[in-house]
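This report refers to the structure that appears directly beneath it.
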Amino acid sequence: MKRPSERVIVLLIAAIQFINILEFMIVMPLGPDFARALAIPTNQLGLIAGSYTFAGAASGIACSFFLDRFDRRVALAFAMAGLVAATALGGLAVNFETLLGARVLAGVFGGPATSLALAIVSDVIPVERRGRALATVMTAFSVASIFGVPIALEIAHVFDWRAPFFAVSAMGLLTSAGALWLLPPMKLHFRAAGMPRASAREIFFRPLPLLAFAAMTCMMISAFLLIPSIPPYVVFNLGYQGEAWLTDWAAGVGIDYQFSTLGPLYMIGGLASLALMQVCGRLTDKIGATAMSWAGAFL
340 MKRPSERVIV LLIAAIQFIN ILEFMIVMPL GPDFARALAI PTNQLGLIAG SYTFAGAASG
400 IACSFFLDRF DRRVALAFAM AGLVAATALG GLAVNFETLL GARVLAGVFG GPATSLALAI
460 VSDVIPVERR GRALATVMTA FSVASIFGVP IALEIAHVFD WRAPFFAVSA MGLLTSAGAL
520 WLLPPMKLHF RAAGMPRASA REIFFRPLPL LAFAAMTCMM ISAFLLIPSI PPYVVFNLGY
580 QGEAWLTDWA AGVGIDYQFS TLGPLYMIGG LASLALMQVC GRLTDKIGAT AMSWAGAFL
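This note's numbering puts the first residue of the sequence shown at 340, with every later residue one more than the last.
The following block contains the structure:
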């Protein structure tokens with residue numbers, strides 16, 4: 340089989356990242372729906388959302404010690420298969436415990452899947468084109484925010500909260516099968532097997548990596564202290580019923596459809612995030628990453 344072009348490889352990895360990010364992102368806005376359906380207290384929704392992150396972090400660290408022993412294509416296919424199965428199990432949850440278990444399992448596979456996807460790009464794409472390739476892959480976050488989450492919420496609105504889990508699982512299965520079929524064997528990292536390797540102590544306890552890990556940890560903790568609580572707060576505490584003007588607009592053009600409560604908000608937020616990322620990227624090039632990091636931490 341002919342080796343795919345760099346563009347095809349990057350687009351495949353971007354599609355995998357899109358599935359991985361969307362699978363994670365749909366849980367928080369669906370919180371009010373499955374809280375009602377499964378009689379889950381709203382103060383437990385943060386635990387359901389955060390369990391994926393903690394499981395992914397723990398799994399990523401554990402897998403870092405042995406993932407380089409395998410063909411990255413096969414390892415990625417295995418991780419994505421586990422993520423697809425865990426996502427489907429989330430749609431089959433019957434109570435808090437089963438949903439929490441499904442989210443933990445998704446994190447166990449989702450963390451290594453993200454690492455492997457980025458490693459494949461780094462292995463395959465030359466340094467002079469790697470930045471652009473990684474930027475393309477990272478646009479999966481914006482696409483998931485702008486289109487994926489709102490569409491998932493509309494699917495839940497038309498059917499029920501379980502439907503988005505099954506839809507994402509089906510898309511993940513198709514994407515993973517396509518990647519396994521089209522991607523060539525990924526064994527370039529085997530060439531470095533005989534080279535000296537940094538110990539875990541050198542990786543995790545040198546000042547610069549330690550500072551980076553601490554910054555990422557603080558960022559994730561601060562975000563997930565607030566973000567999982569925003570959808571239930573907006574719906575249950577503020578009594579938000581959605582954007583009526585959108586339904587009126589649809590009726591005005593002959594479409595009899597009532598939009599979901601949170602879908603339009605996530606689309607607006609995703610568009611704002613995409614625009615802000617472009618501004619912040621240019622500011623980072625001008626004033627440096629350190630200054631922008633301090634500005635972001637202050638905000």
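All C-beta atoms, glycine included, are put in the ideal place defined by N, C-alpha and C.
Going by CA-CA distance only, name the one from the options that's closest to residue i.
i, options, result
"F448", "V423, A518, G429", "V423"
"A336", "T478, C619, A420", "No answer is possible for residue 336: it lies beyond the span of the chain, which begins at 340 and ends at 638."
"A458", "L439, S403, Y579, E467", "S403"
"L444", "A396, P524, F544, P489", "A396"
"A401", "S481, G446, F373, I569", "G446"
"L384", "A425, L512, M555, I569", "I569"
"E493", "L613, W520, E467, L601", "L601"
"A388", "G578, V573, L564, V433", "L564"
"L386", "A474, V592, G593, I560", "I560"
Do you know offhand how far residue i's Cα is from residue j's?
i, j, result
"P368", "I566", "10 Å"
"M534", "I348", "Per-residue confidence for M534 stands at a pLDDT of 49, beneath the threshold of 50, marking its modelled position as unreliable; the derived number appears in the next sentence. Taking the straight line from one Cα to the other gives about 27 Å."
"A472", "A509", "26 Å"
"L406", "A414", "7 Å"
"A441", "Y605", "24 Å"
"H496", "L638", "34 Å"
"E345", "V463", "8 Å"
"R411", "V476", "17 Å"
"T623", "F409", "36 Å"
"K625", "D587", "44 Å"
"L629", "G450", "One detail in the question is off: residue 629 reads as Thr in this sequence, not Leu. When rounded, the distance between both Cα atoms is 27 Å."
"F417", "A353", "17 Å"
"F544", "A553", "11 Å"
"I365", "R469", "29 Å"
"I490", "F598", "10 Å"
"L550", "T453", "22 Å"
"E681", "T392", "Any answer about residue 681 is impossible in this case: the structure gives the chain only from 340 up to 638."
"F363", "D372", "16 Å"
"A374", "G487", "21 Å"
"L438", "A479", "25 Å"
"W633", "C619", "12 Å"
"F505", "P546", "43 Å"
"L351", "A456", "9 Å"
"A516", "P523", "13 Å"
"G627", "R621", "10 Å"
"A636", "P548", "18 Å"
"L521", "E467", "24 Å"
"P571", "P465", "45 Å"
"G399", "G578", "39 Å"
"M631", "L615", "13 Å"
"G591", "V573", "27 Å"
"I607", "I594", "21 Å"
Could you pull out every residue in the same chain whose Cβ sits closer than 7 Å to the Cβ of residue i, ignoring the five residues on either side in sequence?
i, result
"L557", "Note that residue 557 is Cys in the sequence shown, not Leu. Cβ neighbours of C557 beyond the five flanking positions: none."
"V482", "F357"
"F575", "P371, T381"
"T514", "A354, I355, I358"
"S612", "S481, S484"
Please go through the same chain and pick out, in chain order, the residues whose beta-carbon is closer than 6 Å to the beta-carbon of residue i, but skip the five residues on each side of it.
i, result
"G609", "S484, I485"
In chain order, what residues of the same chain lie with their CB nearer than 8 Å to the CB of residue i, ignoring the 5 residues before and after it?
i, result
"L585", "F598, P603"
"V507", "I358, L361, E362, I365, T426, A491"
"M555", "none"
"A460", "The residue asked about is misnamed: residue 460 is Val in this sequence, not Ala. I348, V349, I352, R469, A472, L473, V476."
"S390", "L439, R442, V443, G446"
Give a yes or no on whether the minimum CB-CB distance between residue i and chain B is below 8 Å.
i, result
"V366", "Annotation note: the requested chain B is absent from the structure, which comprises a single protein chain."
Uninterrupted beta strand (DSSP E) stretches inside the region 436-490 (no shorter than 3 residues): none
At least three beta-carbon pairs within less than 8 Å, the region 491-507 to the region 423-436: yes
Is it a yes or a no for the region 372-386 touching the region 351-358, going by three-plus beta-carbon pairs under 8 Å? no
What are the complete alpha helix (DSSP H) segments, minimum 4 residues, inside the region 374-436? 384-402, 411-430
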